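A.B. asks:
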Amino acid sequence: MNEPQYYEVKLDLFEGPLDLLLHLIRKNEVDIFDIPISTITNQYLEYLDMMKALNISVAGDFLVMAATLIHIKSKMLLPPSPDDEEEEDPRIEITRPLMEYLRLKEVAGELSNRDILERDIFTRRTAPDDLAPYREEAPLPRANLFQLMDAFKQVIERLSPGAEISFQSEKWSLKDKMTFIMDRLKERSLSFSELFSEKRTIPELVATFLALLELVQTGLIRVHQPDPERDILLEACFGNTEDTASA
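Here the sequence shown is numbered in the working numbering, starting from 13 and rising by one per residue.
1. Pick helix, strand or coil for residue 227, following the three-state DSSP scheme.
2. Residues in the same chain with beta-carbon distance under 7 Å from residue 78, minus the five sequence neighbours each way, listed in chain order, please.
3. Go through the segment 17-72 residue by residue and report every complete run of the alpha helix (DSSP H) that reaches 4 residues or more, in order.
4. May I ask which residues mark the beginning and end of the beta strand (DSSP E) holding residue 247?
5. Under 8 Å by Cβ, that's how I've got residue 52 and residue 90 pegged, so tell me the actual separation to the nearest angstrom.
6. How big is the Cα-Cα spacing for residue 170 and residue 206?
7. Pick from 70, 83, 117: whose alpha carbon is nearest that of residue 104?
8. My guess is that residue 214 and residue 175 are in contact by the Cβ rule of under 8 Å, so how many angstroms apart are they, rounded?
9. Put residue 133 into one of helix, strand or coil per three-state DSSP.
10. Between the segment 181-194 and the segment 221-239, do at least 3 Cβ pairs fall closer than 8 Å?
11. Evaluate the contact criterion for the segment 67-75 versus the segment 28-47: three or more CB pairs, one atom per stretch, below 8 Å.
12. Straight-line CA distance for residue 185 to residue 250?
13. Tell me whether residue 189 is buried or exposed, calling it buried when 16 or more other Cβ atoms sit within 10 Å of its Cβ.
14. Since residue 233 is in the beta strand (DSSP E), which residue starts that stretch and which ends it?
15. Kindly indicate which three-state DSSP category residue 90 falls into: helix, strand or coil?
16. Enumerate in chain order the residues of its own chain whose CB-to-CB distance from residue 45 is below 7 Å, with the five nearest sequence positions on each side excluded.
17. Check whether the Cβ atoms of residue 239 and residue 203 lie closer than 7 Å to each other.
18. Residue 163 and residue 235 - do their beta-carbons sit closer together than 7 Å?
19. What first and last residue would you give for the alpha helix (DSSP H) that runs through residue 189?
20. For residue 154, does the three-state DSSP call read helix, strand or coil?
21. Starting from residue 206, trace the alpha helix (DSSP H) in both directions and tell me its first and last residue.
22. I need the straight-line Cα distance from residue 168 to residue 177, nearest angstrom please.
In structure tokens form, the structure reads like this:
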């Protein structure tokens, strides 16, 4: 019997703990200044458990944030000190870095949209009406790692209710699954649910999902989610090695 195959997905090109927190805040539709710390902490730990089950490499920053959330949760369970009527809200410990991170992301987005050409070279201005026929549609918003994990969890619950997610496969090759996905995308773009529409075993589903993450990391696939209520769209980037997507 062959030894079980293990595959580790690294998060270097994906998101960090602040991205996960923002994902949870948006998912729960809560105010960043009034975070339900107990709910967010429990959900954060569930995501870490799922990443561990999928053998996704979790950076130390994720564990530090988990410890911070647990500490804040424990502080909020304690009654307020009678000697300090203006005690600072413990949640500010994560609200501040979240606000700073959001500002940095906003600035980074603005810089990425600027025309690099005009930093050093100035071209003849073209009238806006002349460019109208050549304008492309606005790019679809990229789906991130945690949106992919949400979608995959829904697939597991739909196909195998109550099943535990883990990756320990003697049969399924990540390389074969990557080829399978790219072959499917040669024909047309696919929705996430279409890729996982057939009844399969949990190890095969996990192998397919990890293969998808690897393809996203290497920039061979883009993942879009135009609307939180709609399915994630998978699109191949054949011959486009310069555009490295991040999920």
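Every residue gets a Cβ at the ideal spot worked out from N, C-alpha and C, and that includes glycine.
Note that the coordinates shown come from a computational prediction; the quantities given were computed from them, not determined experimentally.
C.D. replies: In short:
1. Translated into positions along the sequence shown, residue 227 becomes position 215. Helix.
2. Working through the sequence shown from its first residue, we reach residue 78 at position 66. The answer, listed in chain order, is 56, 57, 60.
3. 29-40, 49-65
4. Looking up residue 247 in the sequence shown gives position 235. Per DSSP, residue 247 belongs to the beta strand (DSSP E) from 245-248.
5. By 1-based counting over the sequence shown, the position of residue 52 is 40. By 1-based counting over the sequence shown, the position of residue 90 is 78. Contact flag wrong, Cβ pair sits at about 18 Å.
6. Start at 1 with the first residue of the sequence shown, and residue 170 comes out as number 158. Start at 1 with the first residue of the sequence shown, and residue 206 comes out as number 194. Their Cα atoms are separated by approximately 13 Å.
7. Here residue 104 corresponds to residue number 92 of the sequence shown, with the count starting at 1. Out of 70, 83, 117, 83 has the C-alpha closest to the C-alpha of residue 104.
8. Numbered from its first residue, the sequence shown carries residue 214 at position 202. Numbered from its first residue, the sequence shown carries residue 175 at position 163. Right, their Cβ atoms sit about 5 Å apart.
9. In the sequence shown, the residue the question calls residue 133 occupies position 121. For residue 133, the predicted model reports a pLDDT of 47, less than 50, meaning its position is unreliable and no value from the coordinates is stated.
10. yes
11. yes
12. Stepping through the sequence shown from its first residue, residue 185 is reached at position 173. Stepping through the sequence shown from its first residue, residue 250 is reached at position 238. Approximately 22 Å, taken between the alpha carbons.
13. Within the sequence shown, residue 189 is the residue found at index 177, counting from 1. Looking at its Cβ environment, which holds 16 or more other Cβ atoms inside 10 Å, residue 189 is buried.
14. As a first step, residue 233 is located in the sequence shown; it is residue number 221 there, counting from the start. Run containing residue 233: 233-236, per the beta strand (DSSP E) assignment.
15. One-based indexing of the sequence shown puts residue 90 at position 78. In the structure shown, residue 90 sits in coil (DSSP, three-state: anything other than H, G, I, E or B).
16. Within the sequence shown, numbered from 1, the residue matching residue 45 stands at position 33. Cβ neighbours of residue 45 beyond the five flanking positions: 107.
17. For this step, residue 239 is matched to residue 227 along the sequence shown. For this step, residue 203 is matched to residue 191 along the sequence shown. Result no, Cβ atoms of residue 239 and residue 203 do not sit closer than 7 Å.
18. Here the question's residue 235 lines up with position 223 in the sequence shown. Here the question's residue 163 lines up with position 151 in the sequence shown. Result no, Cβ atoms of residue 235 and residue 163 do not sit closer than 7 Å.
19. Working through the sequence shown from its first residue, we reach residue 189 at position 177. Start and end: 186-199.
20. Counted from its first residue, the sequence shown places residue 154 at position 142. Residue 154: strand per DSSP, three-state reduction.
21. By one-based count along the sequence shown, residue 206 stands at place 194. First-last of the alpha helix (DSSP H) with residue 206: 204-207.
22. On the sequence shown, residue 168 is found 156 positions in, with the first residue counted as 1. On the sequence shown, residue 177 is found 165 positions in, with the first residue counted as 1. So the alpha carbons of these two residues sit roughly 8 Å apart.
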